[in-house]
Amino acid sequence: MQCKDIPDDVFVTAVRDAPALSSARWRMRWQVAEELESVMGPIPENLFMAKARRLIARGLIGGCPCGCRGDWHPADECYAPGTAADRRNLDA
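Residues 0 to 91 (numbering that gives the first Met the number 0) are what the sequence shown spells out, left to right.
Put into structure tokens, the structure is as follows:
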């Protein structure tokens, strides 16, 4: 299995469907992994993190790519200055 074998939209949906922290919109990496594996079956940790890093680099999800916790969120839920969601808020 390689990164290309995990569809981008399936990974982003797993991020979206994983339970968010009550005080924020972030999802922890182990919750995202559990959600993704419920759809795709077991995924090696190194492959899971490589796919996450690629999606973060491409701007499809936001969060920390180091693997400490994740703090991941779909890009459309990101309100950090300069992001697409932030610009949408400024246009409203």
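Ideal placement from N, C-alpha and C gives every residue a C-beta, glycine not left out. In this text, all values refer to a predicted model and were calculated from it rather than measured experimentally.
Integer-rounded CB distance, given that residue j should sit under 8 Å from residue i
| i | j | result |
| --- | --- | --- |
| E34 | D16 | 5 Å |
| R28 | R68 | 6 Å |
| W71 | V9 | About 14 Å; that fails the 8 Å criterion. |
| A74 | G62 | Between G62 and A74 the Cβ distance is about 10 Å, and since that is not below 8 Å, they are no contact. |
Close beta carbons around residue i, own chain, < 8 Å, minus the five adjacent residues each side
| i | result |
| --- | --- |
| C2 | L46, A49, K50 and R53 |
Delimiting residues of the alpha helix (DSSP H) encompassing residue i
| i | result |
| --- | --- |
| K3 | Here K3 belongs to no alpha helix (DSSP H), and DSSP marks it neither H nor E. |
| A56 | E44 to A56 |
| A29 | For the sequence presented, residue 29 should be read as Trp rather than Ala. Segment R28 to M39, the alpha helix (DSSP H) holding W29. |
From the options, residue whose alpha carbon lies closest to that of residue i
| i | options | result |
| --- | --- | --- |
| V11 | C65, C63, P64 and I55 | I55 |
| D4 | E76, P43 and P18 | P43 |
Chain-order list of residues whose beta-carbon lies under 7 Å from that of residue i (same chain, five-residue window excluded)
| i | result |
| --- | --- |
| V92 | Residue 92 lies beyond the residue range present for the chain, which begins at 0 and ends at 91; the question has no answer from this structure. |
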